[in-house]
Every structure is written in C-alpha cells, then in structure tokens.
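Novice: First the structure, which I've put down as structure tokens, then a few questions once you've had a look.
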RNA sequence: GGUGCUAUCGUCUAGUGGCCUAGGACAACGGCCUCUCACGCCGUAAACCCCGGUUCGAGUCCGGGUAGCACUACCA
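Residue numbers (my numbering): 14 to 554.
Here you go:
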C-alpha cells in the first residue's frame, strides 16, 4: 500500500525567497498535486539571529501570487494578506515547537545516540586553527569537553550552573551510509567523513536544522523530501537520525534538485548576480527591514505569474516532447521527478523574457489595460505641467487604451514597456526623431503633407473610421477607407508610397515606427490627426 | 585539503546501445512580409569534456582522467 503523498516546502524567514527556493516550492507543489497529496508549508526559524521581519509574510505572498497553493501549515488567507495555520500537525513554525524538540533530544540522549558538549565556539575555533581539518567526530570527541569524557556529576553541575552547552549526534565510524535519491539513485557516504553534528543549542533553546527537520518531517508524516542539492551531503546524517529515532520504516523518500547557477561564469545564482546583470532573483520586491536593502521582484518588473512558473518549471525539468509552453495544469499532469535533470541549470534570463512575451499575448486587451493603467497614469502625471499636449480623450477612455494595447502588445515583453510603444497615442509629438527625419523627411514632404491635409479634410467623420475585414489564406486583413482615398491620390501624382506614408507617420508618431498607419489615424480621429500634421508642418516646415 | 554530485550547440534541454547525418526552444545571423519599427513566418550557423574498455555497433554501458559545482558552522 502506497502511503499518501505529503510534501513540504520549508523555507527560513531570513529574507526574500530566492528564485531557486521558488522552484523548489513549485516542484513540491506539482508533485503533491499530481499525486493528489498534500502540500505543506513549514517555517524553519531555528536560527533566531538570522530572522528578518516580514520575510514570512513575503514568502507566503510570493507563493500566493504564483498560484502555488498550500494545503496545510502556514498560508495566506484567501484574498487577504493575513496568515492562517491549517492542519492538525502544528504548530508549523519551528520556533513554536520547542517542547516537542526537547522530548526528542532527550530520547537521543537517553538512547546513547547523542551527548552533551560544553566546548565553546571560541574553543572550537582555536582547535580548528590548531589542527588542520579538525572535525568533531569519533576520532576527536574523547579529547573534548563533553558528557563522554566528563563524570556525570560534573556534567550535571555545569548545566545546573547555567553553563551553555550543545547536544551532539554521536556518529558511529566506519559505516557506509546509503541514501536513496529519486533523482540521483543510490548515494553512498562513509560515516567517517561525517562529524558529530550539533542537534540542539542551549543558548537559544532551539534545535538546529538537522534535528528539527527530521523530527518535523516525521511528525508531519512527510512522504517525500524534495529539496535543493545543497542538502545532499547532509542526507546521510539525516538517514542516521531517522535510524537513531527508530523511524527508518517511515523515512521519507529523498529527491535532491539541481541548483540554479549564475547566467555567466560558474557558481550558484545569487542576489548579487541579479543586481549585476539587471534582473530580479526574487519573486516580489522586498524591503529588508533588517539591513535596509531593497530587492527587485519579478512581479514589480512586469512579469506574469504564469510566465515565471513556466520558465522556472523548465529550468531543471523537461517533458517528453518539444513542448515549451505549459499551464500549471499541464505541469501537474506531466511533471515527474525522474525527468528532473541531474546537473545545475544556468539561469537563462533571456528565455524568461520570451516566456513573458508569450503569456502577455495570451492576456486580453482588457486585462492588460488594468495592468497598464497605473503605469500610464504615472507617466501622464509626470507630463502634467505641459498638459496641453496630453490627449485626455484617449487617456481617460479605457476602451481606447485597450484598443491601443491591442495594436502594440505584440512588440513588448512586459506591461511597463507598453508606454514606449503607445505614448504617441496619448501625447502628441512636439519633437521628431532625428534619424527618422534624416531618412524619411524629404524635400517634397512639406508639400506632400499640405496636399494630404487638403485631401483628408474632405473625408467625413464617419468614413474616417470605416474599414472592412478581409479573410484570405487564414489571414485577416483590414481594408481601410482612408487607404482607398489616399492610395489613388499617391498613384495619380506618381509619388512614392513610402515617401508619403513615412512623412505622414513622422507627423503623427514623431518617428518612423509604430503600428499600421490607418490604425493610428483610427485611434487619433480626424481632428487630432489633422492637427498633428499642421503642427509638424509648422515645426518642420 | 576532504567527501559527494555533475558533464550534449553560447544557454535551457531531447536522447535510456542501431530510429543520431544528434532533435526542439532562447539568444545570434540571414531572408520573407511591409509605409516604418516591431511581431510573425522561413532559413543558416552552432554541441556529444578527454583517454581507454565492452560490443558487430556507444552521445547512450564500464573504468580512468579532467573540469565545474555543492558541502565541509552552536546557518538553513
């Protein structure tokens, strides 16, 4: 009988959640959902000195934004930023589980699997300086100040006296410890290279990661531990701990994920790399109250959560075919640990952009409008001192903004970039791009524009916007009424289409770029279009 | 230093002994489309770390090198 799948994501609240951590959470989530199991979130805050206020909220909000849902443990209450704890295996913060750990530390002490050590950090440091490669283990423990070398009364007296101590795990030497890893297969490490790890520190009355992790995973009935490769070297210790507790039968399966590497050079992806190369390494923007730093986030940079998910999913995992685009549902369906790569993946930020571009195209113009409006309003506010040039009619009309977005979204990767592509719709140009002028504004252009102005004057307000959709070869072509007015005129005078149209474009846009010209005139309307041509003629002669 | 993990185009990867003349995607480059800039479409260039072995046959299995990474805390 297969046991029910219960996986956990167990971050430490020491700052913003690293993108690698996000991927770990994602893989845990995909695995849980696929097996109709439980995704649990536990906070590992056993290092009181590294706690950063707000980090816990940040982690939960980030997962919530990405659509990684938590079934048990700590999570963000739906639609709020309130934290709630659900489930019967709590508490889910390790700092709230002190009494539980006491009991298990005692069990190990009583069964002779652990001992008390009084060596101070300073003494250990001195020892390491004195003896190269010093390790607290079977070879050295009998020379140290601990309950194995000191009489029981002295140990008791020291403790009663308030002396700080730690509890160390007593690793038996000369044993090959086998770790079965779902991604890497059998990993064997000899216990001689393991040290007597500290399991509990009396200084803050908390266990270290290793003890807390094993106890919690056991008590919370975790079936699979899916975590980063940096934990592989300590996996044998964990196996030994399960055995010391007598829990080998229910020990979870392990899967150690490959690391996310720097895009250039070698090494683990770090916050510094993001700053250096100009991309976020955190899901959300984070204001660190402890050191005052601000870290940029994917959300604030204009990323869509589904793009981040897709991008991250493929950094270390790949399906059986050539599929690149995956919805969360498809990932849940197709994900499998044995298709996770063994080697680290360099963080390919360019591909992340591409994913965002793809998902941006999938969003409706209305959705994008809602996302773009704050950016638009801010930009317009910055221009407000020259309010005469802002076209309020378009700026304040959501439907118009949506239309403009529909014309330009295929050329951006991020929502904020929409501004660069659409600004001329909202604000009439008063300056003209030099390069465009040099290439496209010819000697005859003023005369052409004068004539075009006269011609366009004759078009009725109704005809101005008229167009018909033509479908041929599965392509939709828009035939504009204005096209039928202007093209014969160009042909009649034997003007160059490119010369006239580009000059016209410069008048409207301020540069030789942008969507189809009749789509632009359609949005601007007759009055605005003609006004822009007149302005350009005034400025450019 | 020790231990472990890993090794296919610049990058993410497909590949589980013959379907490999090594496939896809990003990026790059070229072309098409076109009033412009983009998008899109089409195409080009681009890789099995090295040396042995097993086998009729190796990117794929084995061994040895080499390189990279991770760990080596009273941090997680």
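The C-beta atom is built at its ideal place from N, Cα and C for all residues, glycine as well.
If you're wondering where the values come from, they're calculated on a predicted model, not measured in any experiment.
(1) Run through the stretch 320-354 for me and flag every whole alpha helix (DSSP H) of 4 or more residues, listed as ranges in chain order.
(2) Does DSSP classify residue 18 as helix, strand or coil?
(3) Quick check on the DSSP output: the alpha helix (DSSP H) that includes residue 112 runs from which residue to which?
(4) Mark residue 333 as exposed unless 16 or more other C-beta atoms lie within 10 angstroms of its C-beta, in which case mark it buried.
(5) Could you pull the start and end residues of the beta strand (DSSP E) that residue 266 belongs to?
(6) Need the endpoints of the alpha helix (DSSP H) that residue 157 sits in, please.
(7) Measuring CB to CB, does residue 186 end up less than 8 Å from residue 204?
(8) With C-beta atoms as the reference, is residue 197 less than 8 Å away from residue 37?
(9) Mind checking residue 323: buried by the 16 CB within 10 Å criterion, or exposed?
(10) Could you give the first and the last residue of the continuous beta strand (DSSP E) run that contains residue 29?
(11) Name, in chain order, the residues that DSSP records as bridge partners for residue 129.
(12) Could you give the C-beta distance for residue 182 and residue 140, rounded to a whole number, given that I count them as a contact under 8 Å?
(13) Smallest Cα separation from residue 466: which of 52, 545 and 54?
(14) Could you check what DSSP says for residue 10 in three-state terms: helix, strand or coil?
(15) When we look at the beta-carbon of residue 144 and count the other beta-carbons within 10 Å, is it buried (16 or more) or exposed?
(16) Between the Cα of residue 100 and the Cα atoms of 233, 357 and 61, which residue gives the shortest distance?
(17) Can you tell which of 264, 175 and 225 has the C-alpha that lies nearest to the C-alpha of residue 215?
(18) Pick out whichever of 249, 167, 366 and 349 has its Cα sitting closest to the Cα of residue 200.
(19) What is the C-beta distance between residue 86 and residue 105, in whole angstroms, given that I count them as a contact (C-beta under 8 Å)?
(20) Does DSSP put residue 298 in a helix, in a strand, or in coil?
(21) Go ahead and pull the three-state DSSP assignment for residue 77.
(22) Under 7 Å Cβ to Cβ from residue 46, same chain only, skipping five residues before and after it: list those, please.
(23) Among 24, 412, 317 and 44, which one has its Cα closest to the Cα of residue 195?
(24) Do the stretch 443-455 and the stretch 520-528 make contact, defined as three or more Cβ pairs closer than 8 Å?
(25) Starting from residue 460, follow the alpha helix (DSSP H) in both directions and report where the run begins and ends.
(26) According to DSSP, what are the bridge partners of residue 89?
(27) Spell out the partners DSSP gives residue 481 in its beta bridges.
(28) Indicate whether residue 21 and residue 54 have their beta-carbon atoms separated by less than 8 Å.
(29) Compute the beta-carbon to beta-carbon distance between residue 353 and residue 315, rounded to the nearest angstrom, for a pair I have assumed lies under 8 Å.
(30) Please return the same chain residues whose Cβ sits closer than 6 Å to the Cβ of residue 520, not counting the five positions on each side in sequence.
(31) Determine contact between the stretch 425-437 and the stretch 455-472, defined as no fewer than three beta-carbon pairs at a distance below 8 Å.
(32) Beta-carbon within less than 6 Å of residue 532's beta-carbon, same chain only, minus the 5 sequence neighbours each way: which residues are those?
(33) Can you check the stretch 208-265 for any beta strand (DSSP E) of at least 3 residues that lies completely inside it and give the ranges in chain order?
Specialist: The structure says:
(1) 341-347
(2) coil
(3) 111-123
(4) exposed
(5) 266-270
(6) Element bounds for residue 157: n/a, residue is neither H nor E.
(7) yes
(8) no
(9) When all chains shown are included, residue 323 counts as buried.
(10) Per DSSP, residue 29 belongs to no beta strand (DSSP E) and is neither H nor E.
(11) 180
(12) About 19 Å; that fails the 8 Å criterion.
(13) 545
(14) The requested residue 10 does not occur in the structure, where the chain is confined to residues 14 to 554.
(15) exposed
(16) 233
(17) 175
(18) 249
(19) 4 Å
(20) coil
(21) helix
(22) 345
(23) 44
(24) yes
(25) 458-470
(26) Per DSSP, 96.
(27) 492
(28) yes
(29) Residue 315 and residue 353 do not touch by the CB rule: their CB atoms are close to 29 Å apart, not below 8 Å.
(30) 545, 546 and 549
(31) no
(32) 420
(33) 211-214 and 237-241
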